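Below is one structure, written out as structure tokens; the observations come after it.
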Amino acid sequence: QQQVKQSPQSLIVQKGGISIINCAYENTAFDYFPWYQQFPGKGPALLIAIRPDVSEKKEGRFTISFNKSAKQFSLHIMDSQPGDSATYFCAASGDLNRDDKIIFGKGTRLHILP
Amino acid sequence: EAQVTQNPRYLITVTGKKLTVTCSQNMNHEYMSWYRQDPGLGLRQIYYSMNVEVTDKGDVPEGYKVSRKEKRNFPLILESPSPNQTSLYFCASSLGQGTDTQYFGPGTRLTVL
């Protein structure tokens, strides 16, 4: 019940295309949903995050869509660029068993073709 | 510059030889944690600490120890490393717990022969 399921495991998109990564969760105690971006040889860094009181959040070319009833959220990268090639982790956090924990998905390796 | 530092960045060792990976943050964060990253398994939390002298197990604590004697430092100790602990390790810190932005270090790639 604490899992966050992320798909696909890997994704190849043409430059200028839309990259879409999906995540699903089960525990309704989760109330914060960040996405982290990791470049090779670096640690993950926060990209964008959403709380369940809104259905969408946009920052530049990156958009999170959130469906509370389906317990799903997704990251959309518009006009994908080669510099977006990285591993993306979705995550969910909240008060689980009186302990505020963050659970990460297994990651999606995104490659943007030039 | 606000950052999380880890040392060493790369380490090759042999089974059973005790090692310590250091982690330090300069942001006065209360919450620190250790993760391991393995292909296909993502980031799994090993241990976390909510403050000085307060530590707790994450999802995969077996074979690891931690200590938090100072707010800025959170070393990871492998007392008897085994090959299944070969992995990429990340230290992270945040102001509070899960709902705060996690700041990750650059990673330590450990190989246990």
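Respectively, the protein sequence lines represent chains A and B. For what it's worth, the working numbering labels the leading residue of the first sequence as 1, then goes sequentially. For what it's worth, the working numbering labels the leading residue of the second sequence as 115, then goes sequentially. Backbone N, C-alpha and C define an ideal beta-carbon position, used for all residues, glycine too. Being a predicted model, the structure only gives us computed values, none of them experimental.
Could you please give me the residues that DSSP links to B/S181 through a beta bridge?
In the DSSP assignment, B/S181 forms no beta bridge with any residue.
Could you list which residues in chain A have their beta carbon closer than 9 Å to that of B/F188, in chain order?
Annotation: B/F188 has no Cβ neighbours in chain A at a cutoff of 9 Å; minimum Cβ distance is about 15 Å.
Quick one, are the C-beta atoms of A/S74 and A/I21 less than 8 Å apart?
The Cβ atoms of A/S74 and A/I21 sit closer than 8 Å to each other.
Simplified DSSP state of B/Q199, which is helix, strand or coil:
Shown here, B/Q199 sits in a helix according to DSSP, grouped into three states.
Counting only beta-carbon atoms, is B/L125 nearer than 8 Å to chain A?
Under the 8 Å criterion on CB atoms, B/L125 is classed as non-interfacial with respect to chain A.
In chain order, what residues of the same chain lie with their CB nearer than 6 Å to the CB of B/E115, ignoring the 5 residues before and after it?
Taken in chain order, the list of residues that qualify is empty.
Report back the beta-carbon spacing between A/R109 and A/T87 to the nearest angstrom; my notes put them in contact at under 8 Å.
The Cβ separation is near 5 Å, so the contact holds.
In chain B, what lies closer than 9 Å to A/F62 by C-beta?
The contacting residues do not exist; A/F62 stays about 16 Å from chain B at best.
How is A/P34 classed by DSSP in three states: helix, strand or coil?
In the structure shown, A/P34 sits in a strand (DSSP, three-state: E or B).
Consult DSSP for B/G221 and reduce its assignment to one of helix, strand or coil.
Here B/G221 carries a coil assignment [DSSP, helix/strand/coil].
Check whether A/V13 and A/A92 have beta carbons under 8 Å apart
Going by C-beta atoms, A/V13 is not nearer than 8 Å to A/A92.
Do you know whose CA, among B/F188, B/R150, B/L192, lies nearest A/F104's CA?
Of the candidates B/F188, B/R150, B/L192, the one whose C-alpha sits nearest the C-alpha of A/F104 is B/R150.
Could you list which residues in chain B have their beta carbon closer than 7 Å to that of A/F104, in chain order?
Within chain B, the residues near A/F104 are G156, L157.
Using a Cβ-Cβ distance cut-off of 8 Å, determine whether B/T215 contacts chain A.
Cβ-Cβ to chain A under 8 Å: yes for B/T215.
Write down the C-beta distance between A/Q38 and A/K106 rounded to the nearest angstrom, noting that I regard them as a contact closer than 8 Å.
A/Q38 to A/K106, Cβ: 12 Å. No contact.
Taking all protein chains shown into account, decide if B/D214 is buried (16 or more other Cβ within 10 angstroms of its Cβ) or exposed.
So B/D214 ends up on the buried side.
Within-8 Å CB hit, B/P220 to chain A:
It does; some Cβ of chain A falls within 8 Å.
Helix, strand or coil for A/G83 per DSSP?
In this structure, A/G83 counts as helix in the three-state DSSP scheme.
Pull up the CB-CB distance for B/E144 and B/N121, whole angstroms please, since I reckon it's below 8 Å.
Rounded, the Cβ-Cβ distance is 22 Å, inconsistent with contact.
Residues bridged to B/V168 [DSSP beta-bridge criterion]
DSSP, once it has assigned bridges, lists B/N165 as partnering B/V168.
Using a beta-carbon distance below 8 Å, is A/A45 in contact with chain B?
Output row for A/A45: interface = yes.
Assuming A/Y32 and A/A45 make a contact with CB atoms under 8 Å, what is their CB distance in whole Å?
Going by Cβ atoms, the distance from A/Y32 to A/A45 rounds to 17 Å, so no, they are not a contact pair.
Between which two residues does the beta strand (DSSP E) containing A/E56 stretch?
A/E56 -> beta strand (DSSP E) spans 56 to 59.
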